Ligand SMILES: C[S@@+](CC[C@H](N)C(=O)[O-])C[C@H]1O[C@@H](n2cnc3c(N)ncnc32)[C@H](O)[C@@H]1O
């Protein structure tokens, strides 16, 4: 081992994990100062998630493990942070061979190489990660999942809660990329129409305990009795950066510009209210999974579509599609980059559409304004979201 190799061992490791297609695993073990890390072991390995190569970090702790699937852009910072932790043994496994590093009590770095300990192993990224990993793990007893009634005392997901568990997991998985660049700045998230707050609690748990990100999460709902129960559970768990407020979305006043406004199945136009408030509060991200939709259902009429509108179920689906299309156009017009996608399989809920938007485009896009107005004029409809946004939105339509 030459001296430069030893001196630059951290960079050597970062390069191998980031760049080597034959990278198999990096393991840090033997913590020497438990005041600076609560992990007994940390490992990194490549995985494929939806055809994207990620590096999966596994943080092993005495009470509960945590997993993070890292995208390329967040990998270097995470590795550097991890390599600064007090571990005495590092083991890098590559297809070409292994690197063993030991750091003595006096801080001396001893490094050696050996033949591959896993000869012929394909990096997992080449094969596929067959084990489905969730933001919230199943089978591992977790006081919070038990308290919100998703798990029993053995850590099993209750059959009646399985679909909710899948929805919450799918939702979190798809909003996670919005935090990809997150460093140490505290996040602020608002869950509109939080109801019993499975998502709100889960998100707090995911950000604080699994991702280690400082975050304040607030849930808002009309129902004061439900909010009182959420507050009691929050107090029982001692999750001090989680807050609940009994209020209409339109009346709630956030303490700062949110990083993310979300809503999961907020009824009818409450989804529009969440999107509109997210825009007016200048939220960096807005993620909504709409619920039932009644507003346009009543307004739709067009002779060509009479055969479709005659049947309640077809009318309902058309109204849903049109409403969500108009929501995506409104977001685009207001300067958001928008995606519409499924966040969970349809058997977990037929209401499985997610609108995910991130601020960052110039507002008032001509093409989007034209598409919005064409649809509105064809169907002769007045989408509720327009009046919720008021002049901040209608000024883009003026004179068109
Ligand atoms: C179907 S529940 C969904 C609850 C939760 N997000 C979930 O996925 O489990 C819809 C919630 O939205 C709330 N809600 C509806 N309109 C609202 C409004 N304008 N402001 C605040 N909350 C509202 C209701 O009280 C209800 O708790």
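In the working numbering, the protein residues as written are 27 to 426. Where is the CB? At the ideal position from N, CA and C, for every residue including glycine. The model shown is predicted, which means the values in this text are computed figures rather than measured ones.
Secondary structure of residue i, DSSP reduced to three states
i: residue 426; result: coil
i: residue 291; result: coil
i: residue 140; result: strand
i: residue 320; result: coil
i: residue 78; result: strand
i: residue 35; result: helix
i: residue 333; result: helix
i: residue 57; result: strand
i: residue 52; result: strand
i: residue 368; result: strand
i: residue 362; result: strand
i: residue 130; result: coil
Other residues of its chain near residue i: CB distance less than 8 Å, five sequence neighbours each side excluded
i: residue 341; result: 323, 326, 334, 335
i: residue 362; result: 305, 312, 383, 384, 385, 386, 387
i: residue 59; result: 112
i: residue 97; result: 78, 80, 203, 206
Residue j beta carbon less than 8 Å from that of residue i
i: residue 194; j: residue 225; result: yes
i: residue 316; j: residue 379; result: yes
i: residue 290; j: residue 191; result: no
i: residue 55; j: residue 115; result: yes
i: residue 94; j: residue 123; result: no
i: residue 104; j: residue 85; result: no
i: residue 302; j: residue 415; result: yes
i: residue 239; j: residue 263; result: no
i: residue 227; j: residue 270; result: no
i: residue 268; j: residue 230; result: yes
Check: residue i C-beta below 7 Å from any heavy atom of ligand 1
i: residue 307; result: no
i: residue 222; result: yes
i: residue 293; result: yes
i: residue 304; result: no
i: residue 317; result: yes
i: residue 219; result: yes
i: residue 275; result: yes
i: residue 246; result: yes
i: residue 299; result: yes
i: residue 296; result: yes
i: residue 396; result: no
i: residue 290; result: yes
i: residue 377; result: no
i: residue 96; result: no
i: residue 510; result: With the chain running from 27 to 426 in the structure shown, residue 510 is simply not present.
Continuous alpha helix (DSSP H) stretch holding residue i: start and end
i: residue 189; result: 188-201
i: residue 413; result: 410-415
i: residue 239; result: Residue 239 -> no alpha helix (DSSP H), and no H or E assigned at all.
i: residue 222; result: Unbroken run through residue 222: none, as it is neither H nor E.
i: residue 250; result: 250-263
i: residue 343; result: 338-359
i: residue 395; result: 392-405
Beta-carbon proximity list for residue i, same chain, < 6 Å, skipping 5 on both sides
i: residue 136; result: 128
i: residue 151; result: With a pLDDT of only 46 at residue 151, under the threshold of 50, the placement of this residue in the model should not be trusted, and no figure is reported.
i: residue 406; result: none
i: residue 273; result: 246
i: residue 157; result: In this prediction, residue 157 scores a pLDDT of 39, lower than 50, which makes its location untrustworthy; the coordinate-derived value is nonetheless stated afterwards. Hits under 6 Å: none found.
Chain-order list of residues whose beta-carbon lies under 7 Å from that of residue i (same chain, five-residue window excluded)
i: residue 355; result: 394, 397, 398
i: residue 412; result: 419, 420
i: residue 426; result: 395, 399
i: residue 35; result: 127, 135, 137
i: residue 390; result: 359, 422
Residue i, enclosing beta strand (DSSP E) - first and last residue
i: residue 268; result: 268-272
i: residue 306; result: Segment 296-306 is the alpha helix (DSSP H) holding residue 306; no beta strand (DSSP E) there.
i: residue 384; result: 379-385
i: residue 315; result: 311-315
i: residue 118; result: 113-120
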